[in-house]
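In mature numbering (1 follows the signal peptide of the UniProt record, and there is no 0), the protein residues as written are -20 to -1, 1 to 312. Idealized CB from N, CA, C, for every residue including glycine. Notes to accompany the following structure.
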Amino acid sequence: MARRAALVLAAALLASSALTGCSTQGPAAGPSSGAGAGRGGTITLGFSQVGAESGWRTANTKSVQEAAKKAGIDLKFSDAQQKQENQIKALRTFIQQKVDVIAFSPVVESGWDTVLKEAKDAGIPVILTDRAVDTKDTSLYKTFLGSDFVKEGRSAGEWLTGAYANEPGPVNIVELQGTTGSAPANDRKAGFAEAIRGDGKFKIVASQSGDFTRAKGKEVMQAFLKSQKDIDVLYAHNDDMALGAIQAIEESGKKPGTDIKVISVDGIKDAFVAMTEGKINVVVECNPLLGDQLMELAKKVVAGENVPPRVETEEGVFPQDKAAAALPSRKY
Ligand code: GZL
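Here it is in structure tokens:
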């Protein structure tokens, strides 16, 4: 009899602990459905990265990976090679794996509602890092961590209007846009256009995507140099495209930074070196070092704590004459 009673007691205890486990971790009740988090264990974070297209992206990946290790967070990392379908696949895999939290940098702004609803239905919180999505349903993600790209574009335009304040014009501008449909490309274009709109001497005579890469930036700049007889300024949405374009400008026999002024965004070390060589005139900083802030936000959302809807990074504008002094302390 005693053995039977013991078995019944053990079964009852087992059943109650399973229920307890479920109530703190279940999608409905708990802030996270992950295996580890509910019991104070290790948080598992699924991170879908855009790709490895630029120096900025490499620095961003390194920051996320190092910060996860430092924070004791188990990181599942996926590189989408700049393809949205790969990111959607990665997010679905994270959902199947029941990670505690998902973070990703959406390669383009649209087309995310379905998979974000799947994450929400699975009770897995989502953090947007670096790039935003254009969904109307802001309940699909907990917060956005990154930059104000419109402000970056505006800063680029304001440098230009200041540099040409006493020039009669026309000032012919060619623009190397980032990845088509991405938040940085859309917003940097909008911010720059807004800043130069007030003065008719500024004309964007050609604008095309260089997909944030050096190779494509060079290729498109070669085409601009062939099709535009008089280019005064290049506005590149990132340093990698600017550095590729600089090769094209030099191969055409012109001096980047002098014959054609170069405005760029990101602030990677190679761009600061190019400024010390007089080849880039100004760099608008875009900070990729988001790792530590991301891990803090991940811990908060898994714990069910409130987080601000948007966390913006600090960034500066570096004209050429500031580059040499800043270069030694650049972290990416
Ligand atoms: C901006 C980031 C952009 C960088 C590019 O936050 O999304 O993507 O400006 C990178 O260098 O490829």
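Beta-ladder partner(s) of Y215, from DSSP: Looking up residue 215 in the sequence shown gives position 235. Paired residues: E155 and I243.
Please find out if some non-hydrogen atom of the ligand GZL comes closer than 7 Å to the beta-carbon of S34. On the sequence shown, position 54 is the one that residue 34 refers to. Within the cutoff, so yes.
Could you give the uninterrupted runs of the alpha helix (DSSP H) lying entirely in the segment 68 to 107, keeping only those of 4 residues or more? 93 to 101
Mapping the DSSP letters down to three states, classify A9 as helix, strand or coil. Looking up residue 9 in the sequence shown gives position 29. For A9, the pLDDT reaches just 34, beneath the cut-off of 50, and the residue's location in the model is therefore unreliable, although a value from the coordinates is still provided. In the structure shown, A9 sits in coil (DSSP, three-state: anything other than H, G, I, E or B).
With the cut-off set at 8 Å, would you say I23 and K311 are in Cβ contact? For the purposes of this step, residue 23 is identified with residue 43 of the sequence shown, where counting begins at 1. For the purposes of this step, residue 311 is identified with residue 331 of the sequence shown, where counting begins at 1. Not a contact, by the Cβ cut-off of 8 Å.
Quick one: what does DSSP say S43 is sitting in, helix, strand or coil? Here residue 43 corresponds to residue number 63 of the sequence shown, with the count starting at 1. S43 falls in the helix class under three-state DSSP.
Compute every distance between the C-beta of S85 and the non-hydrogen atoms of the ligand GZL, then say whether any falls below 7 Å. Translated into positions along the sequence shown, residue 85 becomes position 105. Because some heavy atom of the ligand GZL lies under 7 Å away, the Cβ of S85 counts as near it: yes.
Report the option in A99, E199, E155 and V242 whose CA atom is closest to the CA atom of I75. Taking the first residue of the sequence shown as 1, we reach residue 75 at position 95. Residue A99 holds the alpha-carbon nearest to the alpha-carbon of I75 among A99, E199, E155 and V242.
Provide the residue(s) that pair with A186 in DSSP beta bridges, ordered along the chain. Residue numbering aside, residue 186 sits at position 206 when the sequence shown is read from its first letter. Per DSSP, V154.
Flag this pair as touching only if the segment 265 to 275 and the segment 36 to 49 have three or more C-beta atom pairs under 8 Å; answer yes or no. yes
Do G190 and residue 320 count as a contact pair if the criterion is CB distance below 8 Å? No statement about residue 320 is possible, as the shown extent of the chain runs from -20 to 312 and does not include it.
Measure the alpha-carbon distance for R194 versus A225 and round it to whole angstroms. Mapped onto the sequence shown, residue 194 falls at position 214. Mapped onto the sequence shown, residue 225 falls at position 245. R194 and A225: Cα-Cα distance of roughly 7 Å.
Please tell me whether N218 and F252 are closer than 8 Å, where the distance is taken between their beta carbons. Residue mapping note: residue 218 aligns to position 238 of the sequence shown, counting from 1. Residue mapping note: residue 252 aligns to position 272 of the sequence shown, counting from 1. No, the Cβ-Cβ distance between N218 and F252 is not below 8 Å.
CB-CB under 7 Å to F204, same chain, minus the five flanking residues each way: which ones, in chain order? Reading the sequence shown from its first residue, position 224 is the one you call residue 204. Around F204: V154, A186 and I211.
Using a Cβ distance threshold of 8 Å, determine whether the segment 259 to 266 contacts the segment 286 to 300, with at least three qualifying pairs required. yes
Just checking, does the segment 244 to 261 make contact with the segment 282 to 291 on the three C-beta pairs under 8 Å criterion? In short, these stretches do not touch, since the Cβ pair count stays below three.
Given A303 as reference, the closest of T256, V297 and P288 once Cα atoms are compared: The sequence position of residue 303 within the sequence shown is 323, counting from 1. Considering only alpha carbons, the answer is T256.
Taking buried to mean at least 16 other C-beta atoms within 10 Å of its own C-beta, is E65 buried or exposed? Position 85 of the sequence shown, counting from 1, holds the residue named residue 65. With a threshold of 16 other beta carbon atoms within 10 Å, E65 falls short and is exposed.
Determine the closest residue to F182 out of Y215, S127, V151 and T94, with distance taken between C-alpha atoms. As a position in the sequence shown, residue 182 is number 202, starting the count at 1. Looking at Y215, S127, V151 and T94, the one whose alpha-carbon comes closest to that of F182 is V151.
With DSSP run on the structure shown, which of helix, strand or coil describes D210? As a working mapping, residue 210 is identified with position 230 in the sequence shown. Coil.
Among T115, S90, G178 and E230, whose alpha-carbon lies nearest the alpha-carbon of S162? Start at 1 with the first residue of the sequence shown, and residue 162 comes out as number 182. Cα-wise, what sits closest to S162 is S90.
Per DSSP, which one or two residues make a beta bridge with F298? Along the sequence shown, one-based indexing puts residue 298 at 318. F298 is bridged to V263.
Would you say the beta carbon of N66 is closer than 7 Å to some non-hydrogen atom of the ligand GZL? To locate residue 66, count along the sequence shown from 1; it is residue 86. Outside the cutoff, so no.
DSSP state of D54, grouped into three classes? Taking the sequence shown and counting its residues from 1, the one referred to as residue 54 is at position 74. If DSSP states are grouped into helix, strand and coil, D54 belongs with the strands.
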